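In this note's numbering, the protein residues as written are 25 to 180. Notes follow the structure.
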């Protein structure tokens with residue numbers, strides 16, 4: 025009995041980070057992002073007015089990497105897209121990217137010298153931010169559960 029109670033509590037403790045996603049908090053976290061990113065829907069309506077240094081993040085979840093038409097991406101993210109044809113942003117890859125953009129490119133682009141033009145790193149509340157980005161991604165496919173594999177295999 026005691027062992028099963030401990031096992032049950034352990035499962036809930038390990039599951040709680042994925043249950044803690046709060047899109048409303050993520051919307052507030054996006055204030056840190058809007059210096060460089062805007063959110064503008066397909067009709068051209070501003071959801072969040074922001075900068076144009078980074079790509080428009082409307083519909084980012086489920087979108088192919090480095091695919092916003094007319095945006096001038098950096099070499100690092102272009103190498104990532106080339107090394108992973110057909111790869112799309114999902115909640116896990118976005119969380120990893122916003123946590124350490126250059127580290128993510130290093131791991132998945134196949135180029136240890138790949139650099140991200142995004143210099144900001146989130147040290148907390150990434151799950152909330154990504155939950156918010158999911159709400160402004162109306163065409164996002166169902167998302168993989170935590171632990172359903174890496175966002176993509178590291179490039180060789």
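Cβ coordinates follow ideal geometry from the N, Cα and C atoms, glycine included. Every value quoted in this text rests on a predicted model; they were computed, and no experiment measured them.
Status (buried if at least 16 other CB within 10 Å, exposed otherwise) for residue i
i	result
residue 144	exposed
residue 95	exposed
residue 59	exposed
residue 48	exposed
residue 52	exposed
residue 147	exposed
residue 109	exposed
residue 78	buried
residue 88	exposed
residue 91	exposed
residue 74	buried
residue 76	exposed
residue 125	buried
residue 67	exposed
residue 161	buried
Beta bridge counterpart(s) of residue i as assigned by DSSP
i	result
residue 130	Answer is none; residue 130 lacks a bridge partner.
residue 70	64
residue 154	None; residue 154 has no bridge partner.
residue 112	88
DSSP-derived helix/strand/coil call for residue i
i	result
residue 85	coil
residue 48	helix
residue 54	helix
residue 121	helix
residue 103	helix
residue 143	coil
residue 242	Limits of the chain in this structure are 25 at one end and 180 at the other, which puts residue 242 out of reach.
residue 163	coil
### Message
Taking contact to mean 3 or more Cβ pairs, one atom from each stretch, closer than 8 Å, check whether the region 100-120 and the region 160-169 are in contact.
### Response
yes
- Query: Would you say the region 55-69 touches the region 131-140, given that touching needs at least three Cβ pairs under 8 Å?
  - Reply: no
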